[in-house]
Amino acid sequence: MNYWLMKSEPEAFSIDELARAPGKTTCWDGVRNYQARNMLRDEMKKGDLAFFYHSNCEVPGIVGTVEIVREGYPDHTAFDPDDHHFDPKSDPDNPRWFMVDVKLKKKFPRVVSLRELKSYADRELRDFRLLAKGNRLSVMPVTKSQWRFIESLSQGK
DNA sequence: GCCAACGTTGGC
DNA sequence: GCCAACGTTGGC
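Sequential numbering from 0 applies to the first sequence in numbering that gives the first Met the number 0.
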C-alpha cells in the first residue's frame, strides 16, 4: 500500500464538501499536470491512502485523510467545452487526463498547517516533497514514516 | 494582490 | 532543439 498527498483549493472543493458528498466519495478531477497525471493513472492503487491538503487559502495545510476507492480512469471534464477544465487536446479515444475516486476516511480534529509542517523540515520531514523548493505538484507521494509522523501530529495539540 | 518558481507553447 | 513569452500555482 502506498501513501499520497492531494491538494485542493477549499474554495473549489473542501474536505467539508467531501464529507457531505454522497458516500463521502468524489472523483478527483481537474489535474492538468503530466507528472501528477502519471501518478493518478499508473501508480495510485485501490486501498492507498492520501492526505487531503488545502492550498491557496487562509491556513494552508493537511486537513484529513482519504482512501483511493477507484483507480485511474479518464477525466471526463476534459471533454466538456463548458467545463472549467476543458482541454480540446484530450481526445475521448485517447484521453490525456485521468482521475481517481477518493472516499473520506477522517477529517483531522485540527489542521496540520504548512507552517507547522515546515518546522520539522530539518528533522522528521526532511525529505517531504511538499516542502521541497519550488514544489507545485498537486499529487505527490508520501513515505510511510512521514505518514505516521503527520498522523501523530494531527492527534496531538 | 503580488510575485517567484515552474510548466507549456510555438516561432524559428 | 532553443528559448522567449505566456499561463499557472500557491504562499504570503
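Here a beta-carbon is modelled for each residue, glycine too, at the ideal position from N, C-alpha and C.
In this text the structure is predicted, and so the values were computed from the model without any measurement.
Closest by C-alpha distance to residue 9, when choosing among 110, 92, 155 and 89: Here the question's residue 9 lines up with position 10 in the first sequence. Per the Cα distances, 110.
Residue(s) in a DSSP beta bridge with residue 2: Counted from its first residue, the first sequence places residue 2 at position 3. Beta-bridge pairing links residue 2 to 48 and 141.
Close Cβ partners of residue 35 (< 7 Å) along its chain, the five nearest in sequence each way excluded: Within the first sequence, numbered from 1, the residue matching residue 35 stands at position 36. Excluding positions up to five away in sequence, the list reads 136, 137 and 138.
Integer Cβ distance of residue 103 from residue 23, believed to fall under 8 Å: Translated into positions along the first sequence, residue 103 becomes position 104. Translated into positions along the first sequence, residue 23 becomes position 24. Rounded, the Cβ-Cβ distance is 4 Å, consistent with contact.
The stretch 69-83 touching the stretch 43-52, judged by at least three CB pairs closer than 8 Å: The stretch 43-52 and the stretch 69-83 touch, with three or more beta-carbon pairs separated by less than 8 Å.
Local conformation of residue 54 per DSSP, three classes: The residue you call residue 54 lines up with position 55 of the first sequence. Correct three-state label for residue 54: coil.
Cβ pair count under 8 Å reaching 3, the stretch 48-63 against the stretch 72-89: no
Straight-line gap, residue 141 to residue 130 (C-alpha atoms, nearest Å): Your numbering for residue 141 matches position 142 in the first sequence. Your numbering for residue 130 matches position 131 in the first sequence. So the two alpha carbons sit approximately 11 Å from each other.
Alpha-carbon spacing of residue 40 relative to residue 32, whole angstroms: Working through the first sequence from its first residue, we reach residue 40 at position 41. Working through the first sequence from its first residue, we reach residue 32 at position 33. Each residue's alpha carbon lies about 12 Å from the other.
Contacts around residue 30, its chain only, beta-carbon distance under 8 Å, and the 5 residues preceding and following it disregarded: For the purposes of this step, residue 30 is identified with residue 31 of the first sequence, where counting begins at 1. 36, 39, 74, 96, 97, 98, 137 and 138.
Whole-angstrom distance between residue 108 and residue 155, CA atom to CA atom: Position 156 of the first sequence holds residue 155. Position 109 of the first sequence holds residue 108. Rounded to the nearest angstrom, the two C-alpha atoms are 9 Å apart.
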